[in-house]
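Input: a single structure, listed below in structure tokens.
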Amino acid sequence: MQNLKLVVVGDGGVGKSCLLISYATNSFPSEYVPTVFDNYSSNILVDGKAVNLGLWDTAGQEDYDRLRPLSYPLTDVFLLCYSVDNRDSLENIANKYKAEVDHHCPGTPQILVACKRGELGKKDQSRFVSENEGRRMAKSLGIQFFETSALTQQGVAIAFDHAVAMSFCPKKKKKGGFGLFKKSKKSEPQPPVMPPAGKAPWLEIETSTFADDWGKMLKQPEHTDMTFIVDGRHSVLAHRIVLASASKFWARILTIPQEDNQLLKLDPQLTFENICDGKVKGILHIQLERAPDKRSMMTAVTLDPDYVNAKTFSYVLQFLYTGKIANYDISKEDLDNVCNISRVFEMPELITICENITSGEEFLNPSIGTYLNDETGKKMKEMFLNQDRLTDVTFIVEGTKIFAHKAVLSCRCDVMAAMVGGNFAEGNSETSEDTTLDEFLAFLEYLYSDHSPIEECDSVGILMLADRFCMSRIVNLCELYITKEVDRSVQKNIQKSNMDVIGLLLLAQAHNAKQLEGWCLHFISTNFSCFENRPEFPQLTGSNLEFVKEHQWPPLSYLKEVEEYKQMSGGKCSVM
1 MQNLKLVVVG
11 DGGVGKSCLL
21 ISYATNSFPS
31 EYVPTVFDNY
41 SSNILVDGKA
51 VNLGLWDTAG
61 QEDYDRLRPL
71 SYPLTDVFLL
81 CYSVDNRDSL
91 ENIANKYKAE
101 VDHHCPGTPQ
111 ILVACKRGEL
121 GKKDQSRFVS
131 ENEGRRMAKS
141 LGIQFFETSA
151 LTQQGVAIAF
161 DHAVAMSFCP
171 KKKKKGGFGL
181 FKKSKKSEPQ
191 PPVMPPAGKA
201 PWLEIETSTF
211 ADDWGKMLKQ
221 PEHTDMTFIV
231 DGRHSVLAHR
241 IVLASASKFW
251 ARILTIPQED
261 NQLLKLDPQL
271 TFENICDGKV
281 KGILHIQLER
291 APDKRSMMTA
301 VTLDPDYVNA
311 KTFSYVLQFL
321 YTGKIANYDI
331 SKEDLDNVCN
341 ISRVFEMPEL
351 ITICENITSG
361 EEFLNPSIGT
371 YLNDETGKKM
381 KEMFLNQDRL
391 TDVTFIVEGT
401 KIFAHKAVLS
411 CRCDVMAAMV
421 GGNFAEGNSE
431 TSEDTTLDEF
441 LAFLEYLYSD
451 HSPIEECDSV
461 GILMLADRFC
471 MSRIVNLCEL
481 YITKEVDRSV
491 QKNIQKSNMD
501 VIGLLLLAQA
511 HNAKQLEGWC
521 LHFISTNFSC
531 FENRPEFPQL
541 TGSNLEFVKE
551 HQWPPLSYLK
561 EVEEYKQMSG
571 GKCSVM
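Going by the UniProt record's numbering, the residue at position 189 of the sequence shown is 189; the numbering climbs one at a time, nothing skipped.
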């Protein structure tokens, strides 16, 4: 079987790794993209012949200008890559990489590849390098041009197919002597082949618990402010903040506007009086009454048994709290009843869920639930996050009062639940002095909506706060964002970057960010030569120092081979 070696070169951050991953897996990496792609080998067919294609990634940072050519020996074709949103990366093809490749591998086929075409979307005005500019550059260099998008896979297969085909072009043979008069040439030593850097660790994001958290709160309710009377005798506790966020119908019943819209003022709002007068189907009575603790008020709603019974309403509450219903024992009669009350209470998605169960297509329901939970979180953020509406607890952060809700805090965070049951037992205010206002609001936003503006705030500060409150999923989200921020900061140079990765490693270890810890160790190890000259390198001690030395790249054994090659080649190392 014939072996082919394909190497991609170009500046850091132009999309080389994504291009290789897209071609190798037929998919775009949706989570973390490693700094250096793990070298990939695949068997392909070319003109009916089996070929083993090796894909080699290279680091484009300045730190690797000395080491990068060590990946070049025995290469069959080069892809010179630039990003369409980075004009400097195109100029560096002509000023740096073309000359470098020609020097170390003269005569090896090359193609010019434009990356990130699909990420520009419809914003043509932000496209810094046009297709025509790329083609002109390729023509001036005497090579062919291809435009690609790893995101949409546009042009990816065409570029690689052409690159493979170029490597099969017959190579010119040098004329040699004849017979006994042919001069024998001493074989020259071959430079050692640089081993791959190894696969960077992938960061996993913990599955959302938003629906499960509210499902538990429904089964074992705390901090409730609403009660339903069903079948004239059953009392079911609930939370106005959930019902108003999950349902436009219940938001109107509870006179809580879901949006700030002046046109709503032109439409007379429902009042408790006209609801009690029969203006709303399915509801007999609604009133405010004292809660059992005598310190707060609750909304009491009596449902009309002609429209809804206790069992049917249990499915309605499951849907409002979790975006799904337990259908393992639901009967056809129950489904019909749920559909009927869904029409009364204006819940079209619940009707769709029931119809899917009836038609044997319940596999479609989880995606509906995911969408509904996301919408509920979005509304909960818009209507209640730091809003003086139904609030029953406040925080003081940097002298600013922040409004919150005990039901949300205790439902979404166990540590907050303990605080609500402890510190807030006698009072409804808490002062927090070990965080910033922006960090605390970002953390609260996650509790309310399951999303957090990590990229707009101090991601490290949010991670530390999340660890303090034992919220592992938001720690994961911060870990992922921090690694991407590190990648962006070292695109040009690692050794001179302002990003302190060793400091991040120590912080990750102090705050239980296990994935960030593993990523930092790998990053430092695979860029060992860059970090050993940084001022913070002495902070690596104990097991950390042992790890990076054991896993350093390039390995000491390879560097020793390079030194031996230099001596064998008379001290002139063509790859150095």
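Cβ coordinates follow ideal geometry from the N, Cα and C atoms, glycine included.
Within 10 angstroms of the Cβ of residue i, are there 16 or more other Cβ atoms? Answer buried if so, exposed if not.
{"i": "residue 466", "result": "buried"}
{"i": "residue 556", "result": "exposed"}
{"i": "residue 470", "result": "exposed"}
{"i": "residue 44", "result": "exposed"}
{"i": "residue 148", "result": "buried"}
{"i": "residue 361", "result": "exposed"}
{"i": "residue 517", "result": "buried"}
{"i": "residue 567", "result": "exposed"}
{"i": "residue 325", "result": "buried"}
{"i": "residue 15", "result": "buried"}
{"i": "residue 453", "result": "exposed"}
{"i": "residue 502", "result": "buried"}
{"i": "residue 359", "result": "exposed"}
{"i": "residue 459", "result": "buried"}
{"i": "residue 387", "result": "exposed"}
{"i": "residue 415", "result": "exposed"}
{"i": "residue 202", "result": "exposed"}
{"i": "residue 213", "result": "buried"}
{"i": "residue 488", "result": "exposed"}
{"i": "residue 341", "result": "buried"}
{"i": "residue 25", "result": "exposed"}
{"i": "residue 396", "result": "exposed"}
{"i": "residue 109", "result": "buried"}
{"i": "residue 69", "result": "buried"}
{"i": "residue 398", "result": "exposed"}
{"i": "residue 241", "result": "buried"}
{"i": "residue 50", "result": "exposed"}
{"i": "residue 199", "result": "exposed"}
If residue i sits next to residue j, beta carbons under 8 Å apart, how far is it from one beta carbon to the other, in whole angstroms?
{"i": "residue 141", "j": "residue 28", "result": "Not really, about 28 Å apart at Cβ, beyond 8 Å."}
{"i": "residue 283", "j": "residue 303", "result": "6 Å"}
{"i": "residue 205", "j": "residue 477", "result": "6 Å"}
{"i": "residue 373", "j": "residue 210", "result": "5 Å"}
{"i": "residue 483", "j": "residue 197", "result": "Not quite, the Cβ-Cβ distance comes to about 16 Å (not below 8 Å), so this is no contact."}
{"i": "residue 511", "j": "residue 463", "result": "6 Å"}
{"i": "residue 19", "j": "residue 39", "result": "Their Cβ separation, rounded to whole angstroms, is 14 Å, which puts residue 19 and residue 39 out of contact at 8 Å."}
In this structure, what does DSSP give as the bridge partners for residue i?
{"i": "residue 115", "result": "83"}
{"i": "residue 56", "result": "7"}
{"i": "residue 40", "result": "55"}
{"i": "residue 226", "result": "238 and 299"}
{"i": "residue 147", "result": "114"}
{"i": "residue 46", "result": "49"}
{"i": "residue 77", "result": "6"}
{"i": "residue 432", "result": "397"}
Just reading off the alpha helix (DSSP H) that residue i is part of, what are its end residues?
{"i": "residue 214", "result": "210-219"}
{"i": "residue 526", "result": "514-526"}
{"i": "residue 160", "result": "156-167"}
{"i": "residue 104", "result": "98-104"}
{"i": "residue 352", "result": "348-358"}
{"i": "residue 334", "result": "332-344"}
{"i": "residue 366", "result": "365-384"}
{"i": "residue 456", "result": "No alpha helix (DSSP H) contains residue 456, which DSSP labels as neither H nor E."}
{"i": "residue 388", "result": "No alpha helix (DSSP H) holds residue 388; DSSP gives it neither H nor E."}
{"i": "residue 448", "result": "437-449"}
{"i": "residue 565", "result": "556-568"}
{"i": "residue 475", "result": "472-489"}
{"i": "residue 131", "result": "131-141"}
{"i": "residue 18", "result": "16-25"}
With respect to the beta strand (DSSP E) encompassing residue i, which residues constitute its N-terminal and C-terminal limits?
{"i": "residue 290", "result": "283-290"}
{"i": "residue 394", "result": "393-397"}
{"i": "residue 404", "result": "400-404"}
Whether or not the segment 3-10 and the segment 77-88 are in contact is what I'm after, with contact meaning three or more pairs of Cβ atoms, one per stretch, closer than 8 Å; do they touch? yes
Contact between the segment 222-240 and the segment 335-348 is defined here as three or more beta-carbon pairs at a separation below 8 Å; is this criterion met? no
Examine the Cβ distances between the segment 519-535 and the segment 490-500 and report whether three or more of them are shorter than 8 Å. yes
Would you be able to state if there are at least three C-beta pairs under 8 Å between the segment 128-142 and the segment 89-101? yes
Check whether the segment 216-236 touches the segment 311-322, taking contact to mean three or more Cβ pairs, one atom from each stretch, closer than 8 Å. yes
Check whether the segment 429-447 touches the segment 372-387, taking contact to mean three or more Cβ pairs, one atom from each stretch, closer than 8 Å. yes
Would you check if there are 3 or more beta carbon pairs closer than 8 Å linking the segment 97-110 to the segment 69-78? yes
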